Every structure is written in C-alpha cells, then in structure tokens.
Amino acid sequence: MKTHKTLLRLPEDVKALLESAKAITGKSQQQLIIEAIRQSLEGYPAIQLSILDRLDRIESKLSL
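All residue numbers for the sequence shown refer to the working numbering, where the first residue is 1152 and numbers rise by one.
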C-alpha cells in the first residue's frame, strides 16, 4: 500500500505561512494542520469526537 506524506495541496500563500510556523514551532506541516483543525472544532462536541478520532488515526499513521 502506498502512503502519501502530504495531506492537502495548499495554495502558495498558505504554504509560506506553514513554513514560517514550522520554523517558529519546530512542528511538522501535518502537525500544524491537525492542531488547527482541532482548535477550530472546540465548540462542536458532537462533530468533534468523530473528527478527532480520524485525526488521531491520521496522526498515528504519519508518525510511523
């Protein structure tokens, strides 16, 4: 099975922001995207559980 390392294709300006955030935080692009999704879901508990479970699975695959 082929594993892809890039989750999304992002516009150049977003890529530049992620690169800056990577340099400041030392976190990977994937970690920054996952954290942003988690933070945006804080007010939606019913949806949050399902999506956070998926994010956890994605995060564990990325760390392999």
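The C-beta atom is built at its ideal place from N, Cα and C for all residues, glycine as well.
None of these values were measured; they are calculated from a predicted model.
**Asked** Smallest Cα separation from Ser1201: which of Ile1175, Gln1180, Ile1188?
**Response** Position 50 of the sequence shown, counted from the first residue, corresponds to residue 1201. Taking only the C-alpha atoms, the option nearest Ser1201 is Ile1188.
**Message:** Using the Cβ count rule (16 or more neighbours within 10 Å means buried), how would you classify Ile1184?
**Reply:** Along the sequence shown, read from residue 1 onward, the residue named residue 1184 stands at position 33. Around the beta carbon of Ile1184, 16 or more other beta carbons lie within 10 angstroms, which makes this residue buried.
**Prompt:** Roughly how far, in whole angstroms, is the beta-carbon of Leu1213 from the beta-carbon of Gln1190, given that I think they are within contact range, below 8 Å?
**Reply:** Here residue 1213 corresponds to residue number 62 of the sequence shown, with the count starting at 1. Here residue 1190 corresponds to residue number 39 of the sequence shown, with the count starting at 1. So it is not a contact: roughly 18 Å between Cβ atoms.
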